[in-house]
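Following: one structure in structure tokens, then a few remarks.
In the UniProt record's numbering, the protein residues as written are 1 to 280.
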């Protein structure tokens with residue numbers, strides 16, 4: 001496990017992975033409602049169960065938002081249960097991950113394989129442990145600093161500075177972007193995200209907004225189940241598979257009936273010939 005590595009960037013060209021940490025929270029519903037008006041946009045949420053009050057584990061509205069996000073095809077990944085990883089205690093670390101995985105599975109029906117450490121704080125030994133447990137540990141290559149309201153002075157200034165930073169990064173036209181944001185921040189939901197999707201010009205340059213799993217070429221690997229949701233192409237494949245199985249089943253039934261009919265006719269013929277030979 002000495003070569004275990006955290007993932008800082010996408011591998012698929014012309015992809016942008018928008019990621020949101022620390023939710024679900026009071027602004028998450030507004031964000032998901034907005035995103036669902038953009039059917040060609042997929043994002044990733046690194047969710048926490050018990051961090052900002054009221055806690056997601058105790059708030060049905062937040063759980064409903066998580067479920068909706070999952071069902072329309074957004075990726076739900078782990079960010080620990082209480083925004084704590086306990087990197088110096090393997091048992092506590094395992095518990096922090098298991099509790100959150102259990103929570104996500106209870107709400108969405110799926111168990112995540114992707115993980116982001118709080119503040120990205122996970123050294124080589126921590127990363128090796130996580131990898132041995134089957135997690136893909138995600139960092140970022142583009143930090144909006146959307147959480148730093150104190151440094152900016154106001155929500156408006158925070159949005160302005162984050163957008164200016166993104167403008168400079170997008171001007172580089174890198175092969176891909178893995179962007180860190182937080183759905184706990186009003187500026188992110190109301191200003192920064194809409195600007196990225198609608199006004200940055202990246203879509204017009206040929207970039208696609210995808211989940212982290214897809215930007216890594218691992219579209220079917222975001223959950224232990226291997227399922228993908230809200231994807232029309234995948235849905236068509238599944239429907240075609242079901243139809244093909246139904247056709248094969250029907251053909252088998254008809255083939256059996258035809259064989260049975262031919263066998264009955266053959267037996268009837270043999271009986272008739274035998275009867276005639278006995279008479280004569």
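Cβ atoms here follow ideal geometry from the backbone N, Cα and C, with glycine treated the same way.
Contacts around residue i, its chain only, beta-carbon distance under 8 Å, and the 5 residues preceding and following it disregarded
i, result
"residue 229", "70, 71, 72, 73"
"residue 30", "189, 190"
CA-to-CA distance, residue j to residue i, given in whole angstroms
i, j, result
"residue 219", "residue 151", "37 Å"
"residue 33", "residue 53", "22 Å"
"residue 114", "residue 83", "15 Å"
"residue 179", "residue 19", "6 Å"
"residue 214", "residue 15", "9 Å"
"residue 118", "residue 251", "55 Å"
"residue 37", "residue 45", "17 Å"
"residue 63", "residue 253", "46 Å"
"residue 201", "residue 189", "18 Å"
"residue 221", "residue 227", "8 Å"
"residue 184", "residue 246", "47 Å"
"residue 130", "residue 95", "12 Å"
"residue 204", "residue 58", "41 Å"
"residue 153", "residue 198", "26 Å"
"residue 173", "residue 102", "39 Å"
"residue 244", "residue 157", "56 Å"
"residue 35", "residue 193", "9 Å"
Residue j beta carbon less than 9 Å from that of residue i
i, j, result
"residue 191", "residue 171", "no"
"residue 47", "residue 211", "no"
"residue 10", "residue 216", "yes"
"residue 331", "residue 147", "The first residue shown for the chain is 1 and the last is 280, placing residue 331 beyond what the model contains."
"residue 40", "residue 209", "yes"
"residue 85", "residue 121", "yes"
"residue 56", "residue 27", "no"
"residue 79", "residue 60", "no"
"residue 125", "residue 145", "no"
"residue 223", "residue 110", "yes"
Buried versus exposed, by CB contacts within 10 Å (16 or more), residue i
i, result
"residue 266", "exposed"
"residue 225", "exposed"
"residue 6", "buried"
"residue 249", "exposed"
"residue 8", "exposed"
"residue 127", "buried"
"residue 123", "exposed"
"residue 164", "exposed"
"residue 168", "exposed"
"residue 42", "buried"
"residue 138", "buried"
"residue 269", "exposed"
"residue 290", "Examination of residue 290 is not possible in this model, given that the chain is present from 1 through 280 alone."
"residue 176", "buried"
"residue 273", "exposed"
Neighbourhood of residue i by C-beta distance below 6 Å, restricted to the same chain and skipping five residues each side
i, result
"residue 135", "115"
"residue 104", "76, 112"
"residue 206", "14"
"residue 195", "163"
"residue 231", "73"
"residue 49", "56, 57, 81, 100, 103"
"residue 12", "215, 217"
Residues near residue i by beta carbon distance below 7 Å, same chain, minus five either side
i, result
"residue 155", "149, 186, 187"
"residue 51", "22, 82, 83"
"residue 107", "63, 66, 67"
"residue 92", "86"
Proximity test, Cβ basis, 9 Å: residue i and chain D
i, result
"residue 144", "Looking for chain D here will not work: only one protein chain is present."
Cβ-heavy atom distance, residue i to the ligand ATP, below 8 Å
i, result
"residue 84", "Among the components of this structure there are no ligands whatsoever, and the ligand ATP is therefore not found."
Sequence ranges, alpha helix (DSSP H) only - wholly within the segment 135-223, length at least 4: 149-152, 155-170, 212-215
Whole beta strand (DSSP E) elements within the segment 70-114, 3-residue minimum: 75-78
Unbroken stretches of the alpha helix (DSSP H), 4 residues or longer, contained in the segment 16-44: 28-35
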